Amino acid sequence: MFSSAIRISSACSFAVAALLALAASAPLAGQQGTITGRVLDRDTRRPLQAAQVMVGQTGAQTNASGAFSIQAPAGDVELTVRTVGFQATSAVVTVMAGQTSSVEILLSPNPFEVPAVSVSIDRGQGAQRQTSPPAAFEVVTSRELETRALRTPADVVDGLAGVDAPSSGIHTRNIVTRGFNNVFSGSLLVLTDYRYARVPSLRLNAYNMIPVPTLDIDRVEVVLGPASALYGPNSANGIMHILTSSPIDDPGTKVSVGGGNRSIFTGAFRQGVRFNESVGLKVSGQYFRGHDFEYYDPFEVPDPTNPLVAARDFDVERWGGEARLDIRPWVGDGARDDGISVAYGLNQLVNSIELTGIGAGQAKDWRYQYGQVRFQRSGLFAQAFVNASNAGDTYLLRNGDAIVDESYTLAGQLQYTFAPLDRLDLTAGVDLSQTTPRTEGTITGSNEDADETFEFGSYLSGRLELAEPFDLVAALRMDDHEHLEDPVWSPRVGLLYEPVQGQAFRATYNRAFSTPTTNNLFLDISSATIPILPGVGYDVRTLGVPQSGLTWTDQCTGGVNSYCMYSPFQPGTQIPANALPFWNPVAVEALLADPTAYAGIQAMVLDSASFRAAVQNPGPTDLTSVLRRLNHETGAFPPDPGITPVERIRPTITTTYEVGYQGLVANRLRLSASVYRNEIHDFVGPLRVETPNVFLDGTSVGAYIAGRLVTAGVPAAAAGAFASSVAPTLASIPFGTVAPDQRDNSALILTYRNFGDVQLWGADIGFEALLTDRLTALGSYSWVSKECFDQNGDEACTASIDLA
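Just so we're aligned: 615 in my numbering is position 604 of the sequence shown, and the numbers increase by one with no gaps anywhere.
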């Protein structure tokens, strides 16, 4: 006899129900029997793997053939079966002491079952049923993944509400949730089986380097909104958690082969071996190749002396795989997820063009590896892992410089979940990590020996069942980063309301943060060279912000605004920021060296000696110097907006207020909706040039040359025309760099800075409608209140300091 699934409003009410069941069966304590059976799809009779089977607090999980075995007290007991995509079902089974009872459970498909399975939303161990989730989240299951062609795990989230996932190549994407998107977006925390998936040191979510083959993914969970209260730094806008299947639960062989345009070919395999119900081993692998979209960066100018400059190779190739051993010593106790997992993964990026903040790089044999050990027993969870990167023969395409990256991250976590009171669940934990960049001076330059980072965090979270149907969730976390002045606190509070099963409302407050990256703090690398005259040019250098910040306090009389500069025409000496001293030895000779420009003067019978005599030796007020600043994206030098000190980098604090709904309407329509306000303090912007260059003002140059030529006997009309033609050229020569006090050369500095406060409103809406038993329509819509933040207050949002 079957009945509808019992309602479970929280982990606490589940525990209370289990205690009552145990009390009712007290006379039979010590007398147990066994229930065995299979769980099948009612429509297709297909075995359902990894279905959760519960008798009170005792649980089991079905294997690949849908079979299960579970201990139960003698008497009539209620057996509850659940799995994603099917309606939960209960059955009453009569158990005889010392005997085995058999049962067959048929589940009806229901792709919109609410609640969904999530381990990420409350950082739980194992799959937790969330009847009233404290955040907006989506779960993409393996059943959904089987219907899609995926190049990387990043393709899984395409189309989800609140997710921005633009492609930057045939196998590369930059994913953010509710955040600013750029090449090194790090506000989304990406995990694979509880382990950081990002490339160490760079803190880059390189989805094409994740070793997981897509056919090994059990599900992908995406949590929108701040998660720092549980997960710590760099999860200010959400979590993407990729969970793979266990070889114990999912043995057998899987193979996939695919292809398409751009010469794409991809293949993957997974072999899972279940030795018994306690031990399993899986090995998986993947291969991808193709021809990427062809684009040529105008800043990549071929250099005959360096064949690597602008040497783009659009052929893409990568391979990788994983091995994992699962051991469940306590499986007889009914613990569904308890056990030990040991895993190793590797991804080899044979060839690919990878974007960076300073232009593209040609990745050659870039290898990413990890090793992980994970332990779980009842409420205790512990893990340790290492992520390692080796950039191989990778180089920057703009200048051909080698990129050396042999960095690694060591991390560990310890967490314990317990219930001190009947209606209260608590989770306490600690995290620590050590990131060690090793770049041989190619990325962190002069900071190579002082760029390690140690981070420690501790947290406590709880869920309290209030008067039905309200729950209260709260969490508090403290993180210490060795390069930040003070610890950072991350609180979370939420009120959850579930009037009926499957209809959940929430109101939450979160405070989250992002720490400065290794690049923000220690970057020191040349990104390009700007040639000015033969043998003379400027190094464009990207620089992390030192603890002292960057300041411009030197005072040089005679310089523009009394600033000082360094010039490649007079290297090694700090001089006033004034182009006038370079007029005679540089500007005039440059003009004479231009046969096109000088031809007009020669036609006027003014030889080079006469021309020099005419235009040399301007007076102190004859020529005006101005400051212009390089726009490294366009190569132009617009007027300088004004020099301001770059302060020591601070963590970015995000405060979010959110209300939301998630539920199922008439068993045919699943809806999710969120409205939120983000207040972002000390947002760290992308790399931008902070050092202006000193130029001659074109207007003063034209007037000076015309006047001197007229004095030398050249007709006024001809002198004016000539001056107008050459003035822009002479006004385009940068004669020096107004360098910060912390630097002693003429390099142009790109660096980061905190941009004060940013506020925005946003909304996310998603739906999935079951039109027929075989046809589903789904869609999403996201909105933010601002597209650009006007940092200079001119209401135009076109300046180089404005944030798009």
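Don't be surprised by glycine CBs; every beta carbon is placed ideally from N, CA and C. Values in this document were obtained by computation on a predicted structure and should not be read as measured data.
Quick one: residues in its chain with C-beta nearer than 6 angstroms to the C-beta of residue i, no 5 flanking neighbours on either side, listed in chain order?
{"i": "Glu305", "result": "Phe325"}
{"i": "Ala334", "result": "Val294 and Tyr355"}
{"i": "Leu680", "result": "Ala780"}
{"i": "Ser538", "result": "Ile369, Val551 and Thr553"}
{"i": "Glu311", "result": "Ala321, Leu408 and Arg409"}
{"i": "Ala32", "result": "For Ala32, the predicted structure reports a pLDDT of 40, less than 50, and the residue's modelled location is therefore unreliable. The matter cannot be settled from this model."}
{"i": "Asp491", "result": "Phe467 and Pro498"}
{"i": "Tyr687", "result": "Thr667, Glu669 and Gly773"}
{"i": "Arg893", "result": "With the chain running from 12 to 815 in the structure shown, residue 893 is simply not present."}
Residue i lies in the beta strand (DSSP E); which residues open and close that run?
{"i": "Leu471", "result": "Thr464 to Glu476"}
{"i": "Ile351", "result": "Gly350 to Thr367"}
{"i": "Val484", "result": "Phe481 to His492"}
{"i": "Arg661", "result": "It is not in any beta strand (DSSP E) - Arg661 carries neither H nor E in the DSSP assignment."}
{"i": "Ser636", "result": "Ser636 to Arg639"}
{"i": "Lys797", "result": "No beta strand (DSSP E) contains Lys797, which DSSP labels as neither H nor E."}
{"i": "Met65", "result": "Gln63 to Val66"}
{"i": "Ser131", "result": "Taken as a continuous stretch (DSSP letters only), Ser131 belongs to no beta strand (DSSP E), as it is neither H nor E."}
{"i": "Ala684", "result": "Leu680 to His692"}
{"i": "Phe304", "result": "Per DSSP, Phe304 belongs to no beta strand (DSSP E) and is neither H nor E."}
{"i": "Arg385", "result": "Gly370 to Arg388"}
{"i": "Asp6", "result": "Residue 6 is absent from the structure shown; the chain starts at 12 and stops at 815."}
{"i": "Tyr556", "result": "This sequence places Val at residue 556; Tyr is not what is there. No beta strand (DSSP E) holds Val556; DSSP gives it neither H nor E."}
{"i": "Ser112", "result": "Thr111 to Leu118"}
{"i": "Met251", "result": "Gly249 to Thr255"}
The ligand SAM and residue i: does any heavy atom of the ligand fall closer than 7 angstroms to the residue's C-beta?
{"i": "Glu690", "result": "Annotation note on the ligand SAM: not contained in the displayed structure, which lists no ligands."}
Starting from residue i, follow the alpha helix (DSSP H) in both directions and report where the run begins and ends.
{"i": "Thr529", "result": "Thr529 to Phe533"}
{"i": "Ser735", "result": "Ala727 to Leu741"}
{"i": "Arg623", "result": "Ser619 to Val626"}
{"i": "Thr710", "result": "Gly709 to Thr722"}
{"i": "Ser239", "result": "Ser239 to Tyr242"}
Count the other CB atoms, across all protein chains shown, that sit within 10 Å of the CB of residue i; report buried if there are 16 or more and exposed otherwise.
{"i": "Tyr218", "result": "buried"}
{"i": "Glu365", "result": "buried"}
{"i": "Gly180", "result": "buried"}
{"i": "Asp308", "result": "exposed"}
{"i": "Pro649", "result": "exposed"}
{"i": "His302", "result": "exposed"}
{"i": "Pro656", "result": "exposed"}
{"i": "Pro126", "result": "Note that Pro126 scores 42 on pLDDT, short of 50, meaning its location in the model is unreliable; the coordinates nonetheless yield the value given after this. It counts as buried."}
{"i": "Phe631", "result": "First, the amino acid is wrong: residue 631 is Pro here, not Phe. That one is exposed."}
{"i": "Pro745", "result": "buried"}
{"i": "Arg57", "result": "exposed"}
{"i": "Glu644", "result": "exposed"}
Less than 7 angstroms between C-beta atoms, sequence neighbours within five positions excluded: which residues of the same chain meet that for residue i?
{"i": "Ser24", "result": "Its pLDDT being 40, under 50, Ser24 is placed unreliably in this model, and the coordinates cannot settle the point."}
{"i": "Asp752", "result": "Thr562, Trp563, Thr564 and Asp565"}
{"i": "Thr255", "result": "Asp204, Val223, Asp227, Ile228 and Asp229"}
{"i": "Pro510", "result": "Pro480"}
What would DSSP say about residue i, mapped onto helix, strand or coil?
{"i": "Asp442", "result": "strand"}
{"i": "Arg764", "result": "coil"}
{"i": "Ser525", "result": "strand"}
{"i": "Tyr574", "result": "coil"}
{"i": "Glu89", "result": "strand"}
{"i": "Asp326", "result": "strand"}
{"i": "Asp166", "result": "helix"}
{"i": "Trp341", "result": "coil"}
{"i": "Pro542", "result": "strand"}
{"i": "Tyr218", "result": "helix"}
{"i": "Ser267", "result": "strand"}
{"i": "Asp550", "result": "strand"}
{"i": "Glu459", "result": "helix"}
Is the separation between the beta-carbon of residue i and that of residue j shorter than 8 angstroms?
{"i": "Ala4", "j": "Tyr427", "result": "Residue 4 cannot be examined here, being either before or after the span of the chain that is shown, 12 to 815."}
{"i": "Thr540", "j": "Gly548", "result": "yes"}
{"i": "Ala518", "j": "Gly505", "result": "yes"}
{"i": "Ala147", "j": "Gly674", "result": "no"}
{"i": "Pro629", "j": "Tyr574", "result": "no"}
{"i": "Thr69", "j": "Ile81", "result": "yes"}
{"i": "Phe396", "j": "Gly382", "result": "yes"}
{"i": "Ala807", "j": "Trp794", "result": "no"}
{"i": "Thr665", "j": "Ala758", "result": "no"}
{"i": "Leu112", "j": "Gly44", "result": "Residue identity differs from the one stated: residue 112 is Ser in this sequence, not Leu. Contact flag set, yes."}
In chain order, what residues of the same chain lie with their CB nearer than 8 angstroms to the CB of residue i, ignoring the 5 residues before and after it?
{"i": "Leu200", "result": "Tyr207, Ala238, Tyr242, Asn245, Ser246, Gly249, Ile250 and Met251"}
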